[in-house]
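Enquirer: A single structure is presented below for examination.
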Amino acid sequence: MFFGKRAKDEEIENILVDTEIYSCIDESCIGWMRKEFVTADLLCPMCGNEMIQGVRELPKI
Ligand SMILES: [Zn+2]
2 MFFGKRAKDE EIENILVDTE IYSCIDESCI GWMRKEFVTA DLLCPMCGNE MIQGVRELPK
62 I
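Start counting at 1 in the sequence shown, then tack on 1, and there's your number in my numbering.
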């Protein structure tokens with residue numbers, strides 16, 4: 002059995018976890034923020050539109 006070296010590369014990849022975020026309601030805007038970093042008024046940092054809650058796969062922090 003020589004499986005020892007085979008898994009190394011895969012371990013280095015980022016681990017993605019479902020993270021609660023707020024994303025801009027404007028579909029042409031890429032603005033979004035992690036839930037814990039949103040401003041109190043829930044406005045998009047890019048365009049100032051409202052943001053809606055969602056889930057996105059992000060690297061674990
Ligand atoms: Zn926006």
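For each residue, glycine too, the CB sits at the ideal point set by N, CA and C.
Treat the numbers as computed from the prediction; the structure is a model and nothing was measured.
In the DSSP output, what is Thr20 paired with across the bridge?
Expert: Working through the sequence shown from its first residue, we reach residue 20 at position 19. Beta-bridge pairing links Thr20 to Arg57.
Enquirer: Using the beta-carbon count (16 or more within 10 Å), is Ile22 buried or exposed?
Expert: By one-based count along the sequence shown, residue 22 stands at place 21. Result: buried.
Enquirer: How far does the beta strand (DSSP E) with Met34 in it extend, from its first residue to its last?
Expert: One-based indexing of the sequence shown puts residue 34 at position 33. Taken as a continuous stretch (DSSP letters only), the beta strand (DSSP E) holding Met34 covers 33-35.
Enquirer: What number of angstroms, rounded off, separates the C-alpha of Ile16 from the C-alpha of Arg35?
Expert: Translated into the one-based positions of the sequence shown, residue 16 becomes position 15. Translated into the one-based positions of the sequence shown, residue 35 becomes position 34. Rounded to whole angstroms, Ile16 to Arg35 spans 17 Å at the Cα level.
Enquirer: Going along the chain, which residues of its own chain have a beta-carbon closer than 7 Å to the beta-carbon of Ile53, five neighbours each way excluded?
Expert: Residue numbering aside, residue 53 sits at position 52 when the sequence shown is read from its first letter. If we look at Ile53 and ignore the five residues flanking it on each side, its Cβ neighbours are Tyr23, Ser24, Ile26.
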